[in-house]
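S.K.:
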Amino acid sequence: MTETMPGLDGDPAATPEPPRGRRGRRGRRTALLASAVVLVAAVAVVGALGLGGGSGKVGAGAPARTGSFVPVTRITLTERASVDGQLGYGAGIPLPVKATGTVTWLPEQGATIGRGGTLLRVDDRPVVLMYGQLPTYRALGQRTSTPSGGTGGTSAELKGMDVLQFETNLAALGYTGFTVDERFSAATAQAVKRWQHDLGLPETGTVGIGDVVYSTGRVRIGQTGVRLGAAVTENAVSYTGTARKVVVDASARDAAWAVRGAALTIHLPDGSTVNGKVASVGRQASAA
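If you're matching positions, the sequence shown starts at 91 in my numbering and goes up one per residue.
See the structure below:
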């Protein structure tokens, strides 16, 4: 009596099938693995085709390729956050007014003043806004030097960066006839007299220490710290920038989006929207 071992006689029907439960688990595992590397697999196939791997013939023992290409789309992930803020012009900054006397005129809150404009009047004299970084620290004009004998005298030119700053403004206002440099010359004094004439001031050719206040640009009047008839103080008038700002109080946990220069969309109270950017980020933050 001859025994035939199952699966060894070349009869496909006699080949035992693996248990269905185990094959099902292997199939699910393969599916999960394939979904995790689908992008890597696609790149690998493209690389193989690009390098000309193989002659295109399928070997006798190799399974036929049944895969297909899937388009891959690259997208940019964005983070969205909605926070409430306070719309305004920022905190007011006192103007360094150095005039002395009684306040006789004040601008309205919210008024915008540019180069050559009047910030306030003290003893009915205008205090004029000019542009620059250097604050006023002395009067500008020609100086008279007296010789050792004590008789006669000659005019000496005042020099400095403050002279250059003032002359730059004077030229920007349309006054000519002098050279914009660091020297307060006789020609500069004549231009100052014409400027004083236009302001209704005595034509002295000298700029008093309280005649001009410097700012980096146009200012918006925030509030006034004195009343008409009161003695002028250094914080008589405060100003803000002319652009509206939104101030947001955010915790450190919620402020990952707050990076200087980041683009924002601002929803205004009237329902309209405007585009903006993060201008500055405070140094203090809370973890709450």
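We put the beta carbon where it would ideally sit given N, CA and C, even for glycine.
Any idea what DSSP makes of Asn-325, helix, strand or coil?
M.R.: Taking the first residue of the sequence shown as 1, we reach residue 325 at position 235. Looking at Asn-325 - three-state DSSP - the assignment turns out to be coil, as it is neither helix nor strand.
S.K.: Cutting at 7 angstroms between CB atoms, please list the residues of its own chain near Phe-274, excluding the five before and the five after it.
M.R.: Here residue 274 refers to the residue found at position 184 of the sequence shown. Once the five neighbours on either side are set aside, the close Cβ partners of Phe-274 are Leu-230, Gly-231, Gln-232, Glu-247, Leu-248, Val-253.
S.K.: Could you name the residues that DSSP lists as bridge partners for Met-220?
M.R.: Locating residue 220 in the sequence shown gives position 130, counting from the first residue. The partner list for Met-220 (beta bridge, DSSP) reads Tyr-304.
S.K.: Starting from Leu-254, follow the alpha helix (DSSP H) in both directions and report where the run begins and ends.
M.R.: On the sequence shown, position 164 is the one that residue 254 refers to. Counting along the chain, the alpha helix (DSSP H) containing Leu-254 begins and ends at 251-262.
S.K.: Return the Cβ separation of Val-212 and Ala-189 in integer angstroms, given the expectation that the two are a contact with Cβ distance under 8 angstroms.
M.R.: Locating residue 212 in the sequence shown gives position 122, where the first residue counts as 1. Locating residue 189 in the sequence shown gives position 99, where the first residue counts as 1. Val-212 to Ala-189, Cβ: 4 angstroms. Contact.
S.K.: Does the Cβ-Cβ distance between Val-302 and Thr-314 come in under 8 angstroms?
M.R.: For this step, residue 302 is matched to residue 212 along the sequence shown. For this step, residue 314 is matched to residue 224 along the sequence shown. Against a cut-off of 8 angstroms, the Cβ pair of Thr-314 and Val-302 comes out as no contact.
S.K.: By DSSP, does Lys-367 sit in helix, in strand, or in coil?
M.R.: Against the sequence shown, residue 367 aligns to sequence position 277. In the structure shown, Lys-367 sits in a strand (DSSP, three-state: E or B).
S.K.: Please return the same chain residues whose Cβ sits closer than 7 angstroms to the Cβ of Met-251, not counting the five positions on each side in sequence.
M.R.: The residue you call residue 251 lines up with position 161 of the sequence shown. Contacts found: Leu-224, Glu-272.
S.K.: Mapping the DSSP letters down to three states, classify Leu-185 as helix, strand or coil.
M.R.: For the purposes of this step, residue 185 is identified with residue 95 of the sequence shown, where counting begins at 1. Residue state, collapsed to three classes: coil.
S.K.: Would a C-beta distance cut-off of 8 angstroms place Ile-356 and Pro-197 closer than the cut-off?
M.R.: Within the sequence shown, the letter at position 266 stands for residue 356. Within the sequence shown, the letter at position 107 stands for residue 197. Result no, Cβ atoms of Ile-356 and Pro-197 do not sit closer than 8 angstroms.
S.K.: Under the DSSP definition of a beta bridge, which residues are partnered with Phe-274?
M.R.: Sequence index remark: in the sequence shown, residue 274 carries index 184 (1-based). In DSSP, Phe-274 forms a bridge with Leu-248.
S.K.: On a CA-only basis, which of Gly-295, Gly-300, Thr-202 is nearest Pro-186? Give me that one, please.
M.R.: Translated into the one-based positions of the sequence shown, residue 186 becomes position 96. If we check each option's Cα against that of Pro-186, Gly-300 comes out closest.
S.K.: Between Val-282 and Val-297, which are expected to be in contact by the criterion C-beta below 8 angstroms, what is the C-beta distance as a whole number of angstroms?
M.R.: Walking along the sequence shown from the start, residue 282 turns up at place 192. Walking along the sequence shown from the start, residue 297 turns up at place 207. Correct: roughly 6 angstroms between the Cβ atoms.
S.K.: Hey, how far is the Cα of Gly-331 from the Cα of Leu-210?
M.R.: What you label residue 331 is simply residue 241 of the sequence shown in a count that begins at 1. What you label residue 210 is simply residue 120 of the sequence shown in a count that begins at 1. Whole-angstrom Cα-Cα distance: 18 angstroms.
S.K.: Count the other C-beta atoms from every protein chain shown that fall within 10 angstroms of the C-beta of Asn-365, then say buried if there are 16 or more, exposed otherwise.
M.R.: Counting from 1 along the sequence shown, the entry for residue 365 is found at position 275. Per the 10 Å Cβ criterion, exposed.
S.K.: Alpha carbons only, please: which of Gly-361, Thr-226, His-287 is nearest the one belonging to Glu-324?
M.R.: For the purposes of this step, residue 324 is taken as residue 234 along the sequence shown, with counting starting at 1. Nearest option by C-alpha distance: Thr-226.
S.K.: Among Ala-369, Ala-279, Gly-175, which one has its Cα closest to the Cα of Arg-350?
M.R.: For the purposes of this step, residue 350 is identified with residue 260 of the sequence shown, where counting begins at 1. Of the listed residues, the one whose Cα sits closest to Arg-350 is Ala-369.
S.K.: Hey, Arg-334 and Gly-178 are a contact pair by Cβ (cut 8 angstroms); roughly how many whole angstroms apart?
M.R.: Numbered from 1 along the sequence shown, position 244 holds the residue referred to as residue 334. Numbered from 1 along the sequence shown, position 88 holds the residue referred to as residue 178. 7 angstroms between Cβ atoms; contact.
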